[in-house]
Amino acid sequence: MQVIRNNFGASQYDAYVDGAVAGSLHYRIEGDQMWLLHTAVDQEFRDTDLDDRLIRTALADAHSRRLSVLPFCHQVRKRVFNHPVYLQLVPAGERERFRESYEEILKDEAAWRRAEASRAARKPVLASVGKAEAA
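Structure (C-alpha cells):
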C-alpha cells in the first residue's frame, strides 16, 4: 500500500510503500512560495507512479495552502507544463524562465532516446562482429 505524507520537519513529502520510505520530494517554503527542489524514488519503484503521486500531492497541497510554486525539480516542471491546471500555480512572471528550461529538458530527453535507440540498433551488429573475429 502506498501512502504520501508531508514530513514538515524535513521539508519533504515522503512516499511509503508497505510502511517503508520509498521516495521523497524535497521542498522549501519561502514566504508565499513553495520551491519544489528534488524528487527521488528508490530504484525498485521507478516504474510505478510513485514519483507522479508525490508531485501531485505537493502541487495539491500548495494549492490548498494558497502557495505559488517554483518547479526547480525537472520532474515537477514536466508535470506542471504538461498539465495546464498546475501551470496556474507558477507565478506569471516566472513561467517563461521555467518554460525555457522545460523545453531544454525535452530536447535533452529526445537526444538521449535517439542515442539509446542507436546503441540498441548497433548491439546485434557488434555481437556478430565479435563472433566472426573469434572464428
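In the working numbering, the protein residues as written are 3 to 137. Glycine is no exception: its CB is placed at the ideal position from the N, C-alpha and C atoms.
Requested in this report: May I ask which residues mark the beginning and end of the alpha helix (DSSP H) holding Thr-59?
Outcome: In the DSSP assignment, Thr-59 falls within the alpha helix (DSSP H) that extends over 52-66.
Report task. Return the residue from the list Gln-77, Gln-90, Asp-53, Phe-83 that minimises the CA-CA distance to Arg-68. Result -> Selected option, being the one with the closest Cα: Gln-90.
**Report entry** Backbone secondary structure at Asp-110 - three-state DSSP
**Finding:** It is helical.
Query raised in the report: Are the beta-carbon atoms of Ser-66 and Val-92 separated by less than 8 angstroms?
Result: 8 angstroms or more divides the Cβ of Ser-66 from the Cβ of Val-92.
**Report entry** Close beta carbons around Asp-63, own chain, < 7 angstroms, minus the five adjacent residues each side
**Finding:** If we look at Asp-63 and ignore the five residues flanking it on each side, its Cβ neighbours are Asn-8.
Report task. Give the straight-line distance between the Cα atoms of Asp-34 and Ala-123, rounded to the nearest whole angstrom. Result -> Rounded to whole angstroms, the gap between the alpha carbons of Asp-34 and Ala-123 is 50 angstroms.
**Report entry** When Gly-25, Leu-39, Ala-94 are compared against Asp-49, the one with the closest alpha-carbon
**Finding:** Distances from the CA of Asp-49 to each of Gly-25, Leu-39, Ala-94 were compared; the closest alpha carbon is that of Gly-25.
**Report entry** Cα-Cα separation between Gln-4 and Phe-10, rounded to whole angstroms
**Finding:** Put simply, the backbone Cα of Gln-4 is about 19 angstroms away from that of Phe-10.
Query - Alpha-carbon to alpha-carbon, Leu-27 and His-40 - result: So the alpha carbons of these two residues sit roughly 6 angstroms apart.
Query raised in the report: What did DSSP end up calling Gly-11 once you bin it into helix, strand or coil?
Result: Gly-11: helix per DSSP, three-state reduction.
Query - CB-CB length for Arg-99 against Phe-83, believed under 8 angstroms - result: In fact, because the Cβ distance is near 12 angstroms, the residues do not count as touching under 8 angstroms.
Query raised in the report: How is the beta strand (DSSP E) around Leu-204 delimited, first residue to last?
Result: Past the boundaries of the shown model lies residue 204; the chain is included only from 3 to 137, so the question cannot be answered.
Report task. Starting from Gln-77, trace the alpha helix (DSSP H) both ways and give me its first and last residue. Result -> Residues 76-84.
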